[in-house]
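Chains as they are written, first to last, in numbering that gives the first Met the number 0: chain Y, 0 to 379; chain E, 0 to 261; chain C, 0 to 333. To keep things clear, I will list the structure first and then write my remarks on it.
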Amino acid sequence: MVGFELTKTQQLCKELFHNFAENEIRPIARDMDEKEEYPRELLDKLQKAHMFGIPYPQELGGAGADVLTYTLAMEELSKVDASTGITLSVHTSLCCPCIYENGTDEQKERFLRPLISGEKIGAFSLTEPNAGTDASGVQTTADKDGDYYILNGSKMFTTNAGIADTFVVFALTDKSKGPKGMSAFIVDRTMEGITVGTNIPRMGIRAASNCEVAFTNVKVPADRLLGKEGGGYKIAMTALGGGRIGIGAQAVGIAQGAINEAIKYVKERKQFGKNISKFQNTQFKLAEMQTKVDAARLMVWRAAVEKDKHGNYAPLAAMCKLFASETANEVTRGCVQLFGGYGYSREYPVERAMRDAKITEIYEGTSEAMKMIISGTMKL
Amino acid sequence: MKIVVCIKQVPDTTEVKLDPKTNTLIRDGVPSIINPDDKAGIEAALTLKEQLGGTVTVVCMGPPQADVALREALAMGCDDAILMSDRAFGGSDTYATAHVIAAGLKTLDYDLIITGRQAIDGDTAQVGPQIAEQLGIPQVSYAAEVKTAEDGAVVVKRQFEDRYQLLKVKTPCLITALSELAQPRYMTVSGIVNAYNKEVKVLTFEDVKNNLNPDFIGLKGSPTNVKQSFTKQVKGAGTVINVSADEAVKTIMDKLIEKHII
Amino acid sequence: MSKDIYVIAEQRDGVLAKVGKELIGEATKLAADLGEKVVAVVLGSKIKEEAAKLYAYGADEVVVIDNPVLKSYTTEPYAKALTELIAKCEPNIVLFGATSIGRDLAPRVAGRVHTGLTADCTGLAIDEETKLLLMTRPAFGGNIMATIVCKDYRPQMATVRPGVMKALEKDASKTGEVKVLDVALTAADMNVEILEEVKETKKAVDITEAKILVSGGRGIGSAKGFDMLRECAAELGGEVASSRSCVDAGWIESDRQVGQTGKTVRPELYIACGISGAIQHVAGMENSEFVVSINKNDTAAIFSVSDLGVVGDVNVIIPKLTEALKKYNAEKNN
Numbered sequence: 000m001v002g003f004e005l006t007k008t009q010q011l012c013k014e015l016f017h018n019f020a021e022n023e024i025r026p027i028a029r030d031m032d033e034k035e036e037y038p039r040e041l042l043d044k045l046q047k048a049h050m051f052g053i054p055y056p057q058e059l060g061g062a063g064a065d066v067l068t069y070t071l072a073m074e075e076l077s078k079v080d081a082s083t084g085i086t087l088s089v090h091t092s093l094c095c096p097c098i099y100e101n102g103t104d105e106q107k108e109r110f111l112r113p114l115i116s117g118e119k120i121g122a123f124s125l126t127e128p129n130a131g132t133d134a135s136g137v138q139t140t141a142d143k144d145g146d147y148y149i150l151n152g153s154k155m156f157t158t159n160a161g162i163a164d165t166f167v168v169f170a171l172t173d174k175s176k177g178p179k180g181m182s183a184f185i186v187d188r189t190m191e192g193i194t195v196g197t198n199i200p201r202m203g204i205r206a207a208s209n210c211e212v213a214f215t216n217v218k219v220p221a222d223r224l225l226g227k228e229g230g231g232y233k234i235a236m237t238a239l240g241g242g243r244i245g246i247g248a249q250a251v252g253i254a255q256g257a258i259n260e261a262i263k264y265v266k267e268r269k270q271f272g273k274n275i276s277k278f279q280n281t282q283f284k285l286a287e288m289q290t291k292v293d294a295a296r297l298m299v300w301r302a303a304v305e306k307d308k309h310g311n312y313a314p315l316a317a318m319c320k321l322f323a324s325e326t327a328n329e330v331t332r333g334c335v336q337l338f339g340g341y342g343y344s345r346e347y348p349v350e351r352a353m354r355d356a357k358i359t360e361i362y363e364g365t366s367e368a369m370k371m372i373i374s375g376t377m378k379l
Numbered sequence: 000m001k002i003v004v005c006i007k008q009v010p011d012t013t014e015v016k017l018d019p020k021t022n023t024l025i026r027d028g029v030p031s032i033i034n035p036d037d038k039a040g041i042e043a044a045l046t047l048k049e050q051l052g053g054t055v056t057v058v059c060m061g062p063p064q065a066d067v068a069l070r071e072a073l074a075m076g077c078d079d080a081i082l083m084s085d086r087a088f089g090g091s092d093t094y095a096t097a098h099v100i101a102a103g104l105k106t107l108d109y110d111l112i113i114t115g116r117q118a119i120d121g122d123t124a125q126v127g128p129q130i131a132e133q134l135g136i137p138q139v140s141y142a143a144e145v146k147t148a149e150d151g152a153v154v155v156k157r158q159f160e161d162r163y164q165l166l167k168v169k170t171p172c173l174i175t176a177l178s179e180l181a182q183p184r185y186m187t188v189s190g191i192v193n194a195y196n197k198e199v200k201v202l203t204f205e206d207v208k209n210n211l212n213p214d215f216i217g218l219k220g221s222p223t224n225v226k227q228s229f230t231k232q233v234k235g236a237g238t239v240i241n242v243s244a245d246e247a248v249k250t251i252m253d254k255l256i257e258k259h260i261i
Numbered sequence: 000m001s002k003d004i005y006v007i008a009e010q011r012d013g014v015l016a017k018v019g020k021e022l023i024g025e026a027t028k029l030a031a032d033l034g035e036k037v038v039a040v041v042l043g044s045k046i047k048e049e050a051a052k053l054y055a056y057g058a059d060e061v062v063v064i065d066n067p068v069l070k071s072y073t074t075e076p077y078a079k080a081l082t083e084l085i086a087k088c089e090p091n092i093v094l095f096g097a098t099s100i101g102r103d104l105a106p107r108v109a110g111r112v113h114t115g116l117t118a119d120c121t122g123l124a125i126d127e128e129t130k131l132l133l134m135t136r137p138a139f140g141g142n143i144m145a146t147i148v149c150k151d152y153r154p155q156m157a158t159v160r161p162g163v164m165k166a167l168e169k170d171a172s173k174t175g176e177v178k179v180l181d182v183a184l185t186a187a188d189m190n191v192e193i194l195e196e197v198k199e200t201k202k203a204v205d206i207t208e209a210k211i212l213v214s215g216g217r218g219i220g221s222a223k224g225f226d227m228l229r230e231c232a233a234e235l236g237g238e239v240a241s242s243r244s245c246v247d248a249g250w251i252e253s254d255r256q257v258g259q260t261g262k263t264v265r266p267e268l269y270i271a272c273g274i275s276g277a278i279q280h281v282a283g284m285e286n287s288e289f290v291v292s293i294n295k296n297d298t299a300a301i302f303s304v305s306d307l308g309v310v311g312d313v314n315v316i317i318p319k320l321t322e323a324l325k326k327y328n329a330e331k332n333n
């Protein structure tokens with residue numbers, strides 16, 4: 000990116016994401032939400048368009064695009080369906096980076112390549128019933144037994160759990176050391192002792208898969224340990240640090256999608272003898288909302304560019320996620336209000352956007368956790 | 000098989016609207032796209048390439064901005080792209096356009112040329128057949144299916160309003176694609192990245208002048224000219240009623256009886 | 000000197016197509032302005048008798064090129080035959096129907112004789128001063144109309160949309176001799192081989208022939224909405240038609256589509272149900288005699304081209320209208 004203008008490559012990618020979302024997802028988005036199910040055919044279509052490895056090198060089967068391009072995908076897809084956004088995000092910017100940044104060449108070839116090509120779907124299992132914002136509360140254990148680690152414990156709210164083939168799972172290899180005793184493992188869904196629960200009923204992003212995952216004496220070969228024993232906490236925090244850029248972009252997409260719907264609606268809807276788009280209240284409301292969304296988008300892009308430069312992107316990612324997610328909530332609420340009673344009905348997509356927006360303030364670090372990260376850099 | 004696909008970059012006419020005050024076209028913000036029939040042609044070419052091997056070269060005549068249409072074709076999987084661009088080509092009607100494109104095609108080695116049936120901005124369906132005429136090769140227009148025969152010939156399902164023909168035609172030949180011919184694939188992200196690392200070859204008048212007659216191209220070389228263009232006078236609005244369904248039905252019935260339609 | 004208007008009257012299976020008669024009707028007006036003749040040309044095999052009928056529709060002269068090679072349409076023999084005809088007769092104007100045959104053949108011939116060709120015309124006229132043929136056609140998806148001339152090359156050639164021009168009433172008293180033009184054609188002129196030719200019966204319904212059309216748009220909600228329209232159309236003795244969006248959605252076959260990329264219709268009655276009235280659609284139905292439109296949205300563009308606009312829900316109004324028609328028809332029959 001030079002200045003604030005997208006490169007030609009980025010522009011054409013954006014067009015691809017936009018067209019894909021409009022043609023392949025929009026017609027079924029509402030139905031997906033109602034059914035609370037992510038269609039396999041849509042995953043196949045995403046794979047065909049090489050959407051699962053956008054910011055990874057072509058040598059590994061990736062698209063060879065940059066992080067900024069990946070945020071464009073997140074925004075364009077989330078404009079239409081935030082569930083697709085999170086499905087892609089957890090795969091691309093939580094699961095894959097753990098292996099890409101910490102895996103051996105052999106592990107990359109064996110586990111990352113099929114993920115990046117979209118042949119396999121990835122998940123990231125960190126959160127537990129008693130370990131949310133405080134990830135150091137993880138209780139799942141991995142006991143070394145010869146050439147294996149034996150996993151025991153259970154994970155909560157694992158996105159993609161129902162559709163994933165490969166999980167990056169965090170477990171304690173040394174209970175006495177707390178977070179420093181945590182390690183990361185590449186686990187196959189097919190391994191014996193893994194039970195994926197049913198989809199957890201949720202308020203929003205309902206088409207995305209999100210389940211509890213239980214591990215009972217799961218024998219994980221030792222060559223599936225990522226990095227060193229005890230390195231898991233750092234792996235998780237680094238992945239989350241980057242993942243937030245994707246969530247920021249998702250939030251921008253949800254907000255922009257709602258504004259676009261609102262613009263269409265206010266131009267059609269008549270009250271008091273004129274289109275409600277002609278009322279200054281409508282105009283000012285939309286102007287305020289669009290300004291915030293633009294600001295959020297620029298923050299997302301800044302964080303993405305910083306990550307592409309391998310700079311200190313984590314605080315920028317935290318800021319963009321904090322601002323974009325809160326903007327998404329404010330904007331989707333505002334859009335529902337502009338729609339009036341129809342906005343509250345499920346006939347129009349803004350109520351879904353409003354429900355979907357909430358989670359962006361929570362997952363991959365709550366707004367409060369973001370403030371901890373940001374204030375931590377302020378030498379207070 | 001060496002396949003050449005001729006494409007046109009067109010404004011998305013479904014997005015074009017009339018300014019109700021000035022009665023002129025609003026062209027601002029109207030996206031430029033690859034003409035839909037041409038895009039089906041690209042897909043058909045890529046499918047044939049996947050089955051038979053070979054190459055797909057995409058050719059576009061247009062202004063420098065048409066570069067993006069060629070990049071899109073590359074991002075879908077085409078191997079090479081050629082942009083025919085020169086002020087001398089501007090203002091060409093279908094005859095002159097075919098004359099220019101044929102001159103460009105003469106610089107290439109091809110077995111099969113695919114064009115879209117027609118472009119959505121002009122809807123003439125003439126350039127494809129006229130290219131074939133200029134090159135002296137057989138044409139099959141309105142292609143709804145295409146495959147190859149064992150002897151290397153092409154078998155095309157040629158669609159008519161009330162029937163179809165299954166035609167076998169020897170290469171080199173030209174077919175014009177209906178949008179039904181194939182559902183175009185999406186570009187891939189990697190395809191886009193690579194498309195911008197490739198070269199789009201530009202052919203100017205100088206490059207093809209030996210293959211054409213300069214008196215037969217551009218505005219001056221075009222047999223037809225636009226005398227005037229205007230926006231259509233729309234039929235005046237009649238009455239609009241906003242009443243209960245029963246009253247509405249009664250009004251409709253009365254009108255139909257009054258007009259002796261029923 | 001180039002003289003006379005030649006209408007290439009299309010035949011399929013030895014039966015003349017309606018569009019040829021329409022073109023002859025239009026050509027008689029142009030011919031009167033020019034003081035020239037209308038010559039109808041039919042290409043085919045054993046088509047002399049059928050071609051003779053064109054006298055009754057206003058042709059001053061009927062010419063056939065009769066050859067077994069021309070039995071089914073293929074591009075090259077037809078193009079060769081017409082090129083010879085043009086060389087021999089030097090027509091001033093040559094008109095084709097803008098059908099899948101006319102639009103294949105005309106550009107090939109125009110390319111070969113090196114003249115201009117205007118596609119899909121919806122209006123033809125003679126310029127009073129220059130005596131040039133003014134060929135008017137929609138462009139830009141129907142958003143604008145352009146009038147095209149071909150000044151320096153002859154013949155002036157155009158394809159004309161079926162359904163736009165009006166055929167003359169058949170006048171059986173008009174007859175004449177059919178002239179035969181010999182063109183040396185052999186099987187070697189075929190550069191394509193017809194492996195198979197299959198008529199598609201499901202495409203038999205021609206909405207351009209229907210006197211009454213009940214047409215559905217996105218507002219009817221689903222493919223099932225067409226059942227409701229079919230029932231209404233049946234009571235009216237008409238056919239159902241569609242806007243592009245329903246065809247794209249797979250609710251109905253594409254041969255029912257009215258509009259810029261579909262068919263041009265001019266029925267006596269056109270009932271637009273849940274059709275917003277995008278210009279692309281209007282382009283195909285605006286010449287209908289009487290237009291009734293039903294739309295929820297009181298600002299729908301379709302109302303501006305309707306004789307009677309009804310603001311309301313098609314899914315409520317159409318069933319009621321069907322009932323009313325049933326009652327009316329029953330009473331009429333008693």
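For every residue, glycine included, the Cβ atom is placed at its ideal position computed from N, Cα and C.
- DSSP links Y:Asp187 through a beta bridge to Y:Thr165.
- Taking C-alpha positions only, C:Lys262 is separated from C:Gly308 by approximately 23 Å.
- Within chain C, no C-beta atom comes nearer than 7 Å to that of E:Val145; the closest sits roughly 13 Å away.
- Contact of Y:Gly63 with chain E is assigned, a C-beta pair being separated by under 8 Å.
- Taken residue by residue, none of the region 306 to 332 of chain Y has a beta-carbon sitting less than 9 Å from a beta-carbon on chain E.
- Non-local C-beta neighbours of Y:Ser366 in its own chain, meaning closer than 7 Å and more than five positions away in sequence, comprise Leu321, Ser324, Glu325 and Glu360, ordered along the chain.
- Under the DSSP assignment, Y:Gly240 falls in the alpha helix (DSSP H) whose first and last residues are Gly231 to Glu267.
- Within 7 Å of the CB of E:Glu132, the CB atoms of chain C belong to Arg107, Gly110 and Arg111, in sequence order along the chain.
- Residue state for Y:Asp43 is assigned as helix, using DSSP reduced to three classes.
- In the DSSP assignment, the residues bridged to E:Gln158 are E:Tyr163.
- What E:Ala97 touches in chain C, judged by beta-carbon distance under 7 Å, is Gly110, going in chain order.
- Between Y:Ile244 and Y:Cys319, the C-beta gap is smaller than 8 Å, which places the two residues in contact.
- For Y:Ala248, no CB of chain E lies under 8 Å from its own CB, so it is not counted at the interface with that chain.
- Within the region 191 to 256 of chain C, the complete alpha helix (DSSP H) segments of 4 residues or longer fall at 224 to 235 and 243 to 247, listed in chain order.
- Within the region 44 to 73 of chain E, the residues whose Cβ lies closer than 9 Å to some Cβ of chain Y are Asp66, Val67, Arg70 and Glu71, listed in chain order.
- Neighbours of Y:His49 in chain E, taken as residues at a C-beta separation under 7 Å, are given in chain order as Thr187, Val188 and Ser189.
- If you check the CB distance, Y:Gly229 and Y:Ser182 come in under 8 Å.
- Taking the Cα positions, C:Ile251 is about 12 Å away from C:Val257.
- Residues of the same chain with a CB within less than 6 Å of the CB of C:Asp170, apart from the 5 flanking positions on each side, are Ala55 in chain order.
- Distance check between Y:Asn311 and each of Y:Arg332, Y:Arg345, Y:Gly241 and Y:Ile358 places Y:Gly241 closest, using alpha-carbon atoms only.
- Nearest to C:Ala58 by C-alpha distance, out of C:Ser71, C:Met189, C:Ile7 and C:His113, is C:Ile7.
- If you look at Y:Met288, you'll find it in the alpha helix (DSSP H) that goes Gln279 to Asp307.
- Boundaries for C:Asp188: no beta strand (DSSP E) harbours it, and the DSSP string shows neither H nor E there.
- Annotation: C:Ile100 is outside any alpha helix (DSSP H) and is labelled neither H nor E by DSSP.
- No Cβ-Cβ contact shorter than 8 Å links C:Arg136 with C:Cys149.
- Taking a cut-off of 8 Å for Cβ pairs, the region 84 to 91 of chain E and the region 107 to 120 of chain C do not touch, as fewer than three such pairs fall below it.
- The DSSP assignment places 188 to 194 as complete runs of the alpha helix (DSSP H) inside the region 175 to 200 of chain E, in order along the chain (cut-off: 4 residues).
- Here DSSP, grouped into helix, strand and coil, assigns Y:Asp32 to helix.
- For C:Arg136, the uninterrupted beta strand (DSSP E) segment begins and ends at Leu132 to Ala138.
- For the set Y:Gly161, Y:Ile27 and Y:Val137, the Cα lying nearest the Cα of Y:Leu76 is the one of Y:Ile27.
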